[in-house]
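Peer 1:
Residue numbers (the numbering used here): 58 to 367.
1. Quick one: Cα of residue 340 to Cα of residue 189, how far?
2. Residue 284: which of 342, 127, 298 sits nearest, CA to CA?
3. Is the number of C-beta pairs between the stretch 201-211 and the stretch 308-325 that are closer than 8 Å three or more?
4. Under a three-way DSSP split, which group does residue 230 fall into?
5. DSSP on residue 67, reduced to helix/strand/coil?
6. For residue 93, name the three-state secondary structure that DSSP assigns.
7. Is there contact between the stretch 190-200 and the stretch 130-150, where contact requires at least three CB pairs shorter than 8 Å?
8. Would you kindly work out how many angstroms separate the C-alpha atoms of residue 279 and residue 165, rounded to a whole number?
9. Please confirm whether residue 267 and residue 348 have their CB atoms less than 9 Å apart.
10. Give the single residue among 330, 96, 362 whose Cα lies nearest to the Cα of residue 237.
11. Enumerate in chain order the residues of its own chain whose CB-to-CB distance from residue 344 is below 7 Å, with the five nearest sequence positions on each side excluded.
12. Considering only C-alpha positions, which residue in the set 290, 300, 223, 288 is nearest to residue 368?
13. Within 10 angstroms of its Cβ, does residue 177 collect 16 or more other Cβ (buried), or is it exposed?
14. Would you list the one or two residues that DSSP bridges to residue 268?
15. Can you tell me the Cβ-Cβ gap for residue 152 and residue 71, rounded? I've got them flagged as a contact below 8 Å.
16. Please determine, among 359, 202, 161, 143, the residue with the shortest C-alpha to C-alpha distance to residue 172.
17. Could you tell me whether the stretch 250-260 touches the stretch 298-316, where touching means 3 or more Cβ pairs closer than 8 Å?
18. Classify residue 219 as helix, strand or coil using the three-state DSSP reduction.
19. Excluding the five sequence neighbours on either side, which residues of its own chain have a C-beta within less than 7 Å of the C-beta of residue 112, listed in chain order?
20. Smallest Cα separation from residue 333: which of 219, 367, 232, 185?
21. Work out the CA separation of residue 159 and residue 360 for me, nearest whole Å.
22. Assign residue 158 to one of three DSSP states: helix, strand, or coil.
23. Which runs of the alpha helix (DSSP H) fall wholly inside the stretch 106-167 and span at least 4 residues, in chain order?
24. Give the straight-line distance between the Cα atoms of residue 350 and residue 163, rounded to the nearest whole angstrom.
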């Protein structure tokens, strides 16, 4: 539980992950109001229904943010069963535990913008009415869990709001993801630890990137003001090439490396362009992004400023 004076309790799954750590930090800053955060018990396996029920029964939260997931898309092709079990069955166990303990608050289910899959360029920016067309086991698991949340929303006495975040970046993200991977390579070149050469995947695709702290702010706004049963894109609304991100990082680090494509970093079923609309989120909650891309990238680069981090 946070050290703030609190009037209610938010139960957070996935607190040890990239976004979860930022939820905890932003809660300390009051982003969630006078709400204390109770993280799911260390080592809790959401696939264990009995353990999940015991955890919820002990905490009796007022609100819930469900972040915990197997969220690395390439891994979902390698371990599809584990991905489905964690992301879908884990969500079912959480919903059942809340129902069984008489929960009457609000739950935010964090899905993913990945559920939209192959979106025709004519349909960009993506709005929430765009039909999901998942192209990975990860995205399938998220769509299925969304539908499960919708069914519970219709049949239980608590409210559920679904967030579909697009790419979010910031300090502390796993280097398996594209932006920290590039930032680490750039930092190693700047430190003289590697030759001036970058190995990257397809850097001419575009994505919609948000700072993780803006994303957390959106989650807080949805808990306060989102409409129950609704789905919301969480995004910047800005389309950016991966190549442009790499160029910004290189400029910030003062390096000019050669760029080579690494076949191991190419994804199956790659979407060439992606950008989404946050109009619904902004209209219902008043949320707006606060972080510039350049500022976020500089902070990511700064996390690789010591040899231990490289």
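Here a beta-carbon is modelled for each residue, glycine too, at the ideal position from N, C-alpha and C.
Peer 2: Put simply:
1. Here residue 340 is taken as the residue at index 283 of the chain shown, counted from 1. Here residue 189 is taken as the residue at index 132 of the chain shown, counted from 1. So the alpha carbons of these two residues sit roughly 22 Å apart.
2. Looking up residue 284 in the chain shown gives position 227. Nearest of 342, 127, 298 to residue 284, Cα basis: 342.
3. With the rule of 3 Cβ pairs closer than 8 Å, the stretch 201-211 does not count as touching the stretch 308-325.
4. If you number the chain shown from 1, residue 230 lands on position 173. The answer is coil: DSSP assigns residue 230 none of H, G, I, E or B.
5. Locating residue 67 in the chain shown gives position 10, counting from the first residue. Looking at residue 67 - three-state DSSP - the assignment turns out to be strand.
6. Sequence index remark: in the chain shown, residue 93 carries index 36 (1-based). Residue 93 falls in the strand class under three-state DSSP.
7. The stretch 190-200, when compared against the stretch 130-150, does touch it at the 8 Å Cβ threshold.
8. Along the chain shown, read from residue 1 onward, the residue named residue 279 stands at position 222. Along the chain shown, read from residue 1 onward, the residue named residue 165 stands at position 108. Looking at the two C-alpha atoms, the distance is approximately 8 Å.
9. Looking up residue 267 in the chain shown gives position 210. Looking up residue 348 in the chain shown gives position 291. Yes. Within cutoff.
10. One-based indexing of the chain shown puts residue 237 at position 180. A check of alpha carbon separations from residue 237 across 330, 96, 362 identifies 362 as the nearest.
11. As a working mapping, residue 344 is identified with position 287 in the chain shown. Cβ within range, chain order: 274, 275, 278, 338.
12. Lying outside 58 to 367, the shown extent of the chain, residue 368 is not represented and no answer is given.
13. On the chain shown, position 120 is the one that residue 177 refers to. Residue burial annotation: residue 177 is exposed, with fewer than 16 other C-beta atoms found within 10 angstroms of its C-beta.
14. The count along the chain shown starts at 1 and reaches residue 268 at position 211. DSSP links residue 268 through a beta bridge to 226.
15. Looking up residue 152 in the chain shown gives position 95. Looking up residue 71 in the chain shown gives position 14. The Cβ separation is near 16 Å, so there is no contact.
16. Taking the chain shown and counting its residues from 1, the one referred to as residue 172 is at position 115. The residue from 359, 202, 161, 143 with its alpha-carbon nearest to that of residue 172 is 202.
17. The stretch 298-316 and the stretch 250-260 touch, with three or more beta-carbon pairs separated by less than 8 Å.
18. Numbered from 1 along the chain shown, position 162 holds the residue referred to as residue 219. Correct three-state label for residue 219: strand.
19. Numbered from 1 along the chain shown, position 55 holds the residue referred to as residue 112. For residue 112, where only same-chain residues beyond five positions count, the Cβ hits under 7 Å are 97, 98, 101.
20. In the chain shown, counting from the first residue as 1, residue 333 sits at position 276. For the residues 219, 367, 232, 185, the minimum Cα distance to residue 333 belongs to 185.
21. Taking the first residue of the chain shown as 1, we reach residue 360 at position 303. Taking the first residue of the chain shown as 1, we reach residue 159 at position 102. Between residue 360 and residue 159, the C-alpha separation is close to 43 Å.
22. Here residue 158 is taken as the residue at index 101 of the chain shown, counted from 1. In this structure, DSSP gives residue 158 a state outside helix and strand, which the three-state scheme calls coil.
23. Counting only runs of 4 or more, we get 106-116, 130-135, 137-141, 147-157.
24. Walking along the chain shown from the start, residue 350 turns up at place 293. Walking along the chain shown from the start, residue 163 turns up at place 106. Roughly 31 Å separates the two Cα atoms.
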